[in-house]
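Peer 1: Quick one: this structure, given as structure tokens, is what I'll be asking you about.
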Amino acid sequence: VDQHMLKGYHFEKKLKHKIGLLKQMVEDGENRPDIIMGDFNCVYASDPTRVESFLEGQYKYFATVKKGKLTKGDKDKIRRWNLEPINFLIKKGYQFMPVEDEASKATSLLGNTIIDHVFVRKSVLKRYKNVSVKVIPHFTPGQTPVFSDHNPILLTLSP
Numbered sequence: 030v031d032q033h034m035l036k037g038y039h040f041e042k043k044l045k046h047k048i049g050l051l052k053q054m055v056e057d058g059e060n061r062p063d064i065i066m067g068d069f070n071c072v073y074a075s076d077p078t079r080v081e082s083f084l085e086g087q088y089k090y091f092a093t094v095k096k097g098k099l100t101k102g103d104k105d106k107i108r109r110w111n112l113e114p115i116n117f118l119i120k121k122g123y124q125f126m127p128v129e130d131e132a133s134k135a136t137s138l139l140g141n142t143i144i145d146h147v148f149v150r151k152s153v154l155k156r157y158k159n160v161s162v163k164v165i166p167h168f169t170p171g172q173t174p175v176f177s178d179h180n181p182i183l184l185t186l187s188p
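Everything in the sequence shown is counted per our numbering, starting at 30 for the first residue and increasing by one.
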């Protein structure tokens, strides 16, 4: 999807599908998950400055994919692709759980960004005193990864 996002390959349809998958999970009443975590293919962080930095990196990447300057509309698509799924989960009562040492950590080898995230239902968080999300170093930037182009994340909930 990312490679074709700016080329007019039904962006709205693909974003709607991305959000639709999340809707299926969280709008299932009593079966909605307490924790949603994994590869969202969305750059995000708790620090708005870091988010903007990640988005700037996305703009540079997509400018090379497009082989030209991005339009305001292109940048809007990139911003929406990254932020709408996150904002949707927050609106639905999930708390974004940043990784420890967020300012210096990365989960994605590509772009040195954080695209693997954890969301916990706010009602569930009340049961725990200590909640942490750690990045487990798996690769070194500049080296070929052995198993994945992502560092795993570990969620710990302690009463």
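Ideal placement from N, C-alpha and C gives every residue a C-beta, glycine not left out.
Predicted model, so just to flag it, every value in this text is computed and none were measured.
My parser needs the alpha helix (DSSP H) runs of 4 or more residues fully inside the region 134-158; what are they?
Peer 2: The qualifying runs are 151-154.
Peer 1: Determine contact between the region 67-86 and the region 105-125, defined as no fewer than three beta-carbon pairs at a distance below 8 Å.
Peer 2: The region 67-86, when compared against the region 105-125, does touch it at the 8 Å Cβ threshold.
Peer 1: Can you tell me where the beta strand (DSSP E) with PHE117 in it begins and where it stops?
Peer 2: Within the sequence shown, residue 117 is the residue found at index 88, counting from 1. Counting along the chain, PHE117 falls outside any beta strand (DSSP E), though it belongs to the alpha helix (DSSP H) covering 101-120.
Peer 1: How many angstroms separate the CA atom of VAL160 from the CA atom of THR136?
Peer 2: Taking the sequence shown and counting its residues from 1, the one referred to as residue 160 is at position 131. Taking the sequence shown and counting its residues from 1, the one referred to as residue 136 is at position 107. The alpha-carbon atoms of VAL160 and THR136 are separated by roughly 19 Å.
Peer 1: Suppose the cutoff is 8 Å on Cβ atoms and the five residues either side in sequence are ignored; what does the same chain contact list for LYS158 look like?
Peer 2: Taking the first residue of the sequence shown as position 1, residue 158 is located at position 129. SER187, PRO188.
Peer 1: Determine, using beta carbons only, whether VAL162 and ILE182 come nearer to each other than 7 Å.
Peer 2: The count along the sequence shown starts at 1 and reaches residue 162 at position 133. The count along the sequence shown starts at 1 and reaches residue 182 at position 153. Contact flag set, yes.
Peer 1: Starting from ILE64, follow the beta strand (DSSP E) in both directions and report where the run begins and ends.
Peer 2: Position 35 of the sequence shown, counting from 1, holds the residue named residue 64. First-last of the beta strand (DSSP E) with ILE64: 64-68.
Peer 1: From THR100 to ARG79, what distance separates their C-alpha atoms?
Peer 2: Locating residue 100 in the sequence shown gives position 71, counting from the first residue. Locating residue 79 in the sequence shown gives position 50, counting from the first residue. Taking the straight line from one Cα to the other gives about 22 Å.
Peer 1: Roughly how many angstroms lie between the CA atoms of PRO127 and LYS96, to the nearest whole one?
Peer 2: Position 98 of the sequence shown, counted from the start, is the residue given in the question as residue 127. Position 67 of the sequence shown, counted from the start, is the residue given in the question as residue 96. PRO127 and LYS96: Cα-Cα distance of roughly 33 Å.
Peer 1: What's the gap between the Cα of TYR123 and the Cα of GLY140?
Peer 2: Mapped onto the sequence shown, residue 123 falls at position 94. Mapped onto the sequence shown, residue 140 falls at position 111. Taking the straight line joining both Cα atoms gives about 26 Å.
Peer 1: Would you kindly work out how many angstroms separate the C-alpha atoms of PRO62 and ILE143, rounded to a whole number?
Peer 2: For the purposes of this step, residue 62 is taken as the residue at position 33 of the sequence shown. For the purposes of this step, residue 143 is taken as the residue at position 114 of the sequence shown. Rounded to the nearest angstrom, the two C-alpha atoms are 22 Å apart.
Peer 1: Let me check understanding here. Comparing Cα to Cα, which of THR93, SER82, ALA92 lies closest to SER133?
Peer 2: As a working mapping, residue 133 is identified with position 104 in the sequence shown. Measuring from the Cα of SER133, the nearest candidate turns out to be SER82.
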